[in-house]
Amino acid sequence: MSDSANLSSVEIAPYQGRDDLLSGFVVSGRWPSSTREWAQFLLLAVRLAAVPGLVPTTTVFRAVDDTPEGPLPGAVGLVTSAGPVLGDGAPAPGEFGRHTPAALLLLHPPSESRPSIPEAAAAASGCVLLPGVPHLGLEHRASWVEAERDGTITRLVSKVGVDPAQDPDTAVLAMLLAA
394 MSDSANLSSV
404 EIAPYQGRDD
414 LLSGFVVSGR
424 WPSSTREWAQ
434 FLLLAVRLAA
444 VPGLVPTTTV
454 FRAVDDTPEG
464 PLPGAVGLVT
474 SAGPVLGDGA
484 PAPGEFGRHT
494 PAALLLLHPP
504 SESRPSIPEA
514 AAAASGCVLL
524 PGVPHLGLEH
534 RASWVEAERD
544 GTITRLVSKV
554 GVDPAQDPDT
564 AVLAMLLAA
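This is the structure we're talking about:
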């Protein structure tokens, strides 16, 4: 992913935890720098969420500047699982308010997605919220993706000036940010 030929590319590598579930992504080269690049990142994440068993329930992910242990040249950070959206291990409202991440994501496996078209019954979906600082004139941005297991994209939307209250996914992510 790259917006310009003279910028280094964004490289993404998924990683699994001990439980064989999708635990997150290693980001190398540089962080995505635009809504478009975050949408491309989300596209990859949703395609993985469509693989049976990798994401068993709707899960929250957050961008962190930590880098993984071990020799991973060029790693700049992680997009790591913060837990399921509901139930044991779910992040609490306001949990990310103190240290606002550059991005928060929700990934829905096919069993918890509502497809946008009938023939996409086995599609996974997701949302990325890029928090802004509205009182300083920096608007919230977001992207939504729906994809089938074979990689077919059935929905891709990006928007600047998002009102988090207007969409269930962005509302949940904004609630996790609200201090």
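In my numbering, the protein residues as written are 394 to 572.
Every residue gets a Cβ at the ideal spot worked out from N, C-alpha and C, and that includes glycine.
As the structure is a computational prediction, the values presented were derived from the model and not from experiment.
query                                                                                                        : result
Environment of GLN409 [buried if 16+ CB atoms lie within 10 Å]                                               : exposed
Residues near ALA516 in its chain [Cβ-Cβ closer than 7 angstroms; skip 5 each side]                          : ALA443, PRO503, SER506, PRO508, GLU539, ALA540, GLU541 and THR547
Alpha-carbon to alpha-carbon, LEU465 and GLY422                                                              : 11 angstroms
Candidates LEU499, THR545 and ALA432: closest to THR452 by CA position                                       : LEU499
Neighbourhood of TRP537 by C-beta, 6 angstroms cutoff - its chain only, sequence neighbours within 5 removed : CYS520 and VAL550
8 angstroms contact criterion, which VAL439 and LEU471 should meet: CB distance rounded                      : With a Cβ gap of about 18 angstroms, VAL439 and LEU471 do not count as contacting.
Whole runs of the beta strand (DSSP E) within the segment 424-467, excluding any shorter than 3 residues     : 452-457
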